[in-house]
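Yeah, the sequence shown ends on 209 if you go by my numbering, and it's all consecutive.
Where a beta carbon is used, it is the ideal one built from N, C-alpha and C, also for glycine.
Written out below as structure tokens is the structure these notes cover.
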Amino acid sequence: IWIVIDSILRQTLRPKKIILTLSELQFKGKKIPSKLNKLEDNGFLEIIWTSDDIRSHKKYLYSMLKYPNDIIVTIDDDFIYEKSMLENLYHYSEEYPTCVITHLALKRNGANYNEWKNLFLEKVKPTYSVMQFGGSGVLYPAHSLHIDAFDKIKISKLSPLADDLWLNTMAIINSTKIVKTNYNFYLLPLIFKNNKELYTENVLHDKNNEQIKNIESYYGPVLTSEYFD
-19 IWIVIDSILR QTLRPKKIIL TLSELQFKGK KIPSKLNKLE DNGFLEIIWT SDDIRSHKKY
41 LYSMLKYPND IIVTIDDDFI YEKSMLENLY HYSEEYPTCV ITHLALKRNG ANYNEWKNLF
101 LEKVKPTYSV MQFGGSGVLY PAHSLHIDAF DKIKISKLSP LADDLWLNTM AIINSTKIVK
161 TNYNFYLLPL IFKNNKELYT ENVLHDKNNE QIKNIESYYG PVLTSEYFD
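Shown next as structure tokens:
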């Protein structure tokens, strides 16, 4: 993870704060690599410790609750980020200050996640019809998500393994549109066992479609309807 953090520290636009949320269930006694301790001691990193483990939802939930009036950019811990990633997001947010800004997105197409189209380098103006991809770097303006975004009971019941689906839903039902940039740098992935397991569970074992069904059973046809645009 320190390699990922280092790629953020090398950004052309430095963030005010880097926040890493860790579960005490994963790190017994709060024992973490010394490089993370050093980053924390030097003031480059803030670590939020939680007593539970909501998996990939940790990346946004606790930081947004702690800093509700700030812009939050989410990233994944399995990519190295090109140095202009944050600056590009911020540039778009100046043009579209009330929108979620993402570097990668999927064009939703019905209830089968595997049929959603990856838009790659295509720029997309404000819309409800795409899903932001968290691994690419996603900028969330303050108060851009519905309050249910932080309801851990709903998360665990409806979308425990798919934070992208959940965050997309929470933006849409809060009347927040998504903008996709034309950022043309590829992400360098770092492959970890846990990340491969999550991909296998969601995509190969059809968990994404199951979670889409769960979400729409509660909120209605948020992800599969065409009426938004």
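What residue from the options has the CA that sits closest to residue i's CA?
i: residue -17; options: 147, 43, 58; result: 58
i: residue -13; options: 151, 134, 66; result: 66
i: residue 80; options: 4, 15, 123, 140; result: 123
i: residue -2; options: 9, -19, 4; result: -19
i: residue 194; options: 165, 105, 162, 149; result: 149
i: residue 188; options: -6, 88, 34, 205; result: 88
i: residue 53; options: 139, 22, 5, 112; result: 112
i: residue 136; options: 51, 49, 191, 125; result: 191
i: residue 157; options: 198, 126, 11, 49; result: 126
i: residue 8; options: 30, -9, 20; result: 30
i: residue 144; options: 38, -11, 20; result: 38
i: residue -10; options: 147, 63, 55, 16; result: 63
i: residue 118; options: 98, 40, 101, 90; result: 40
i: residue 68; options: -5, 15, 201; result: -5
i: residue 160; options: 138, 101, 132, 48; result: 101
i: residue 115; options: -7, 96, 82, 27; result: 82
Residue i by DSSP, collapsed to three states: which one?
i: residue 8; result: helix
i: residue 202; result: coil
i: residue 160; result: strand
i: residue 170; result: coil
i: residue 19; result: helix
i: residue -11; result: helix
i: residue 192; result: helix
i: residue -19; result: coil
i: residue 184; result: Since pLDDT at residue 184 reaches only 46, below the 50 mark, its modelled position is unreliable, and the value read off the structure follows with that caveat. Here residue 184 sits in helix by DSSP.
I need the straight-line Cα distance from residue i to residue j, nearest angstrom please.
i: residue 211; j: residue 73; result: Shown here, the chain extends from -19 to 209; a query on residue 211 therefore has no answer.
i: residue 109; j: residue 78; result: 16 Å
i: residue 45; j: residue 25; result: 17 Å
i: residue -15; j: residue 43; result: 16 Å
i: residue 184; j: residue 98; result: Summary for residue 184: the model assigns pLDDT 46, below 50, so the residue's position carries little reliability, and this model does not support an answer.
i: residue 121; j: residue 13; result: 32 Å
i: residue 169; j: residue 55; result: 12 Å
i: residue 20; j: residue 0; result: 10 Å
i: residue 198; j: residue 147; result: 15 Å
i: residue 76; j: residue 153; result: 18 Å
i: residue 167; j: residue 60; result: 6 Å
i: residue 196; j: residue 202; result: 6 Å
i: residue 17; j: residue 71; result: 32 Å
i: residue 164; j: residue 200; result: 35 Å
i: residue 91; j: residue 186; result: 11 Å
i: residue 134; j: residue 142; result: 13 Å
i: residue 138; j: residue 131; result: 11 Å
i: residue 205; j: residue 10; result: 44 Å
Whole beta strand (DSSP E) elements within the segment 32 to 112, 3-residue minimum: 52 to 54, 80 to 82, 85 to 87, 104 to 107, 110 to 112
Segments of 4+ residues assigned as alpha helix (DSSP H) that fall wholly inside the segment 114 to 165: 132 to 138, 143 to 152
Whether or not the segment 23 to 43 and the segment 98 to 109 are in contact is what I'm after, with contact meaning three or more pairs of Cβ atoms, one per stretch, closer than 8 Å; do they touch? no
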